[in-house]
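Following: one structure in structure tokens, then a few remarks.
Protein chains: 2
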Amino acid sequence: MDQDKDVTIYDLARVLNISVATISRALKDDPVVSKKTKKKILDLAEEMGYRSNHFARNLRNRRTHMIGVIIPRVNSYFMSTVIAGIEKVTNEAGYNLIISQSSESVAKEIQCVRTMFNNRVDGLLVSLAYDTTDTSHFDLFQRKSIPFLFFDRVAEDNRWANVLIDNRKASYEVTSHLIAQGCRRIVHVTANSKSNVYSDRILGYKQALADHHLPFAEENIIRNTLSQEAGGDAAAFIRQMDPLPDGVFVANDNCAVGCLLALKRSGLRIPEDIAIAGFNNDPVSTVVEPNLTTVNYPGYEMGVVAARNLIHHLNGTSGIEVTNTILLKAELIVRASTQRG
Amino acid sequence: MDQDKDVTIYDLARVLNISVATISRALKDDPVVSKKTKKKILDLAEEMGYRSNHFARNLRNRRTHMIGVIIPRVNSYFMSTVIAGIEKVTNEAGYNLIISQSSESVAKEIQCVRTMFNNRVDGLLVSLAYDTTDTSHFDLFQRKSIPFLFFDRVAEDNRWANVLIDNRKASYEVTSHLIAQGCRRIVHVTANSKSNVYSDRILGYKQALADHHLPFAEENIIRNTLSQEAGGDAAAFIRQMDPLPDGVFVANDNCAVGCLLALKRSGLRIPEDIAIAGFNNDPVSTVVEPNLTTVNYPGYEMGVVAARNLIHHLNGTSGIEVTNTILLKAELIVRASTQRG
DNA sequence: TTGTAGGCGTTATCAT
DNA sequence: ATGATAACGCCTACAA
């Protein structure tokens with residue numbers, strides 16, 4: 000025992016004095032093999048500790064049963080729930096996951112794509128880095144007809160399949176809600192990024208202002224990294240605006256929380272003096288006081304839908320060329336941070 | 000173009016009228032090939048869009064350059080930082096990651112181990128599920144001399160390599176700190192799990208009580224899932240204890256936060272009436288008011304150290320048989336939730 | 001129902 | 001410095 004060498008179908012064939020072809024067929028439960036032989040073979044395989052060699056198999060089959068996932072980072076609650084969703088579906092369908100992080104860098108993203116390509120993943124699920132505008136690095140996959148789709152942070156030119164929420168609509172609802180609560184000077188804190196996620200939210204914000212006959216001013220848009228610390232900085236900036244804004248809509252909960260805490264510390268009452276809303280429904284939104292109004296982001300569901308969709312392609316019915324966009328529901332969750340009177 | 004067929008070294012060989020052997024050598028930068036031929040080959044490879052076939056290569060080399068990671072879940076801040084650390088090191092060393100979640104279930108964990116084994120990962124990094132006590136499913140790897148090591152949640156019988164913090168010591172420090180702040184009746188909220196992580200913390204808690212001549216009572220240990228909601232339930236339980244405890248040490252920040260908020264809502268002042276400490280230094284600990292005293296958990300570093308260690312084994316110098324345990328520093332961070340007077 | 005034989009793309013071992 | 005060729009382990013026409 001403790002042999003370094005693996006047991007192969009040849010070993011099984013030799014012992015049983017049967018051809019490797021029959022062994023191979025039995026192992027994949029081919030109905031053409033007789034029940035008796037099959038049992039004999041499976042028993043021996045078990046006994047000898049046989050395990051199939053995926054490489055040899057893949058080398059012939061040209062399928063790896065691996066799905067690549069490229070994401071900016073695993074560090075948000077949202078992202079981890081997406082992954083959980085993806086994992087569930089892919090696992091059930093017999094696929095394995097290779098996860099790689101672009102760390103919000105286009106260069107690293109390109110490298111990730113290459114690696115995935117070389118590892119011959121059967122398909123790819125991608126959420127783009129902050130600053131990815133050119134998506135030509137995915138042409139590799141396009142050319143080989145390897146299916147891939149984007150989720151959440153998608154490509155501008157939607158030539159490809161996307162799974163995301165209607166950021167514009169959600170943002171419109173948040174802004175409208177703030178207006179309904181009496182806010183007239185609403186600041187929007189967003190990322191310094193060209194991603195659809197943020198540009199669409201800006202559009203929704205503008206639209207809501209326009210529909211309620213409120214002026215839009217470029218100065219009311221603050222751009223930062225959306226980290227919690229950046230939220231504190233944004234608060235400092237807001238504090239010295241004149242006149243003082245009466246509403247803040249931050250594009251993510253972490254940053255909103257940082258902002259809320261800093262504003263509170265500066266002596267403002269939330270929501271009486273200034274109302275604050277976030278985005279994502281991150282658990283932290285129910286920890287901060289007052290609890291944060293936000294938009295529920297269906298991470299798990301997004302992962303499930305994206306993965307299911309990809310696997311659908313993999314199993315061959317529909318072609319990847321079909322450009323389709325799936326929009327998931329995102330709903331406004333009103334909490335104390337914006338509820339006046 | 001848009002050929003489905005891949006370019007192989009045979010194609011390159013044919014075009015250049017050179018043997019596949021030379022092509023193969025040139026591609027891996029073997030110094031035995033002349034500079035001129037090498038250049039010719041690399042240029043053509045680039046031009047024809049050649050990519051090496053990992054399967055064929057692995058089939059021969061018996062190495063996959065893949066490292067498996069099995070974790071309970073990616074859903075905590077701690078875990079995501081660990082992964083970031085692992086990713087950095089493995090990537091730099093030219094390895095890819097396969098991440099799989101056991102979802103805190105032993106059964107799923109066993110399945111994960113199987114999958115990793117069949118995918119022939121070169122090594123394995125594992126953090127065990129809540130209830131894994133028997134670790135015989137790792138014998139597969141042991142027998143094949145495939146290196147693996149545990150981090151954070153490690154095996155009881157430390158026959159294998161571990162990377163973790165000194166939970167007992169950290170817990171001792173938290174408890175001692177509470178005592179120093181005047182707490183005399185300290186409740187410990189922990190997981191319903193046999194994992195070293197929690198049992199060691201209990202030991203540290205007990206030891207601190209003993210060293211300060213305080214009685215230990217089994218009733219002062221509350222076991223739950225350590226979720227934020229569970230924290231609320233724990234608070235309700237604590238509220239009806241008689242006499243009321245004056246200190247709570249929760250084994251993770253999420254749960255501590257849930258507990259803190261609920262206690263506050265019930266009318267208690269933190270830390271005057273009851274002090275609360277958590278564990279992990281999760282970002283949420285600086286959001287809750289008052290800010291939570293906790294223990295800094297070096298996730299990123301843990302990932303880095305674990306991965307580095309594994310790769311060390313992979314590159315062959317030291318054998319896996321060497322049972323070694325690496326302890327990382329974890330430090331008490333005192334914040335308002337425990338600071339009295 | 002089972003067997004034979006060739007090929008999947010690469011690399012290592014001999015030769016030359 | 002380069003070439004020929006035999007593995008690596010599995011799958012699948014095709015034949016029996």
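Here the protein sequences line up with chains A and B, keeping their order. Under numbering that gives the first Met the number 0, think of the first position of the first sequence as 0, with each following residue one higher. Under numbering that gives the first Met the number 0, think of the first position of the second sequence as 0, with each following residue one higher. Ideal Cβ placement from N, Cα and C applies to all residues, glycine included. Quantities reported herein were computed from a predicted structural model and do not represent experimental measurements.
1. Please report whether the beta-carbon of R50 of chain B lies at a distance below 8 Å from any beta-carbon of chain A.
2. Considering only residues of the same chain and omitting the five flanking positions on each side of A12 of chain A, which have a CB-CB separation below 7 Å?
3. Using a Cβ-Cβ distance under 8 Å, would V173 of chain A count as near chain B?
4. Look at the Cβ atom of V304 of chain A, then the Cβ atom of V162 of chain A, and state whether they are nearer than 8 Å.
5. Name the two residues that bound the continuous alpha helix (DSSP H) containing H53 of chain A.
6. What number of angstroms, rounded off, separates the C-alpha of M0 of chain B from the C-alpha of T131 of chain B?
7. Taking only beta carbons into account, state which residues of the stretch 287-303 of chain B come closer than 8 Å to chain A, listed in chain order.
8. Closer than 8 Å is the cut-off here; do at least three beta carbon pairs connect the stretch 76-86 of chain A with the stretch 131-147 of chain A?
9. For T337 of chain A, does the three-state DSSP call read helix, strand or coil?
10. Let me check understanding here. Comparing Cα to Cα, which of B:M115, B:G203, B:F215 lies closest to H364 of chain B?
11. Report the residue from B:L313, B:G298, B:V188 whose alpha carbon sits nearest the alpha carbon of T80 of chain B.
12. Out of curiosity, what's the CA-to-CA distance linking E91 of chain B and C182 of chain B?
13. Considering just the uninterrupted stretch of the alpha helix (DSSP H) at R238 of chain B, what are its terminal residues?
14. Comparing alpha-carbon positions, which option in B:I332, B:S226, B:Q239, B:G266 lies nearest P282 of chain A?
15. Does any residue of chain B have a CB that is nearer than 8 Å to the CB of N95 of chain A?
16. Can you name, in chain order, every residue of its own chain whose Cβ lies under 6 Å from the Cβ of A335 of chain A, other than the five neighbours on each side?
17. Which residue wins for smallest C-alpha separation from H64 of chain A, given the options A:M240, A:P71, A:H53?
18. Identify the continuous alpha helix (DSSP H) that holds L177 of chain A and give its terminal residues.
19. At a Cβ threshold of 8 Å, is L213 of chain A touching chain B?
20. What does F149 of chain B pair with, by DSSP beta-bridge criteria?
21. Are there 16 or more other CB atoms within 10 angstroms of the CB of L243 of chain A, so buried, or fewer, so exposed?
22. Going along chain B in order, which residues have a C-beta closer than 7 Å to the C-beta of S79 of chain A?
23. Is it right to say R62 of chain B is buried, meaning 16 or more other beta carbons lie within 10 angstroms of its own, or is it exposed?
24. Would F278 of chain A pass as an interface residue toward chain B - the criterion being a Cβ-Cβ separation below 8 Å?
25. For V155 of chain A, which option in A:Y171, A:K193, A:V120 has the closest C-alpha, if you only look at C-alpha atoms?
26. For V196 of chain B and M301 of chain A, I'd like the C-alpha separation in whole angstroms.
27. Where does the unbroken beta strand (DSSP E) through A274 of chain A begin, and where does it stop?
28. Helix, strand or coil: how does DSSP classify H187 of chain B here?
29. Would you mind stating whether N279 of chain A and N251 of chain A have Cβ atoms separated by less than 8 Å?
30. How would you write the range of the beta strand (DSSP E) that R222 of chain B sits in, first residue to last?
31. State the start and end residues of the unbroken beta strand (DSSP E) segment that holds S33 of chain B.
32. For Q180 of chain A, would you say it is in contact with chain B, using Cβ-to-Cβ distances shorter than 8 Å as the test?
33. Cutting at 6 Å between CB atoms, please list the residues of its own chain near S265 of chain B, excluding the five before and the five after it.
34. Considering only the beta carbon of each residue, do V247 of chain B and C254 of chain B sit closer than 8 Å?
35. Is it buried or exposed, K34 of chain B, if we count other Cβ atoms within 10 angstroms and call 16 or more buried?
Reading from the atomic positions:
1. yes
2. S18, V19, I22
3. no
4. yes
5. 53-60
6. With a pLDDT of 33 at M0 of chain B, under the threshold of 50, the predicted position of this residue should be treated as unreliable, and no value is reported.
7. V287, E288
8. no
9. helix
10. Any answer about residue 364 of chain B is impossible in this case: the structure gives chain B only from 0 up to 340.
11. B:G298
12. 48 Å
13. 227-238
14. B:S226
15. yes
16. P289, N290
17. A:H53
18. 166-179
19. no
20. B:V125, B:N161
21. exposed
22. V73, N74, S79
23. exposed
24. no
25. Before going further, note that residue 155 of chain A is Glu rather than Val in the sequence given. Comparing Cα-Cα distances from E155 of chain A to each of A:Y171, A:K193, A:V120, the minimum goes to A:K193.
26. 33 Å
27. 274-276
28. strand
29. yes
30. 220-223
31. Per DSSP, S33 of chain B belongs to no beta strand (DSSP E) and is neither H nor E.
32. no
33. R238
34. no
35. exposed
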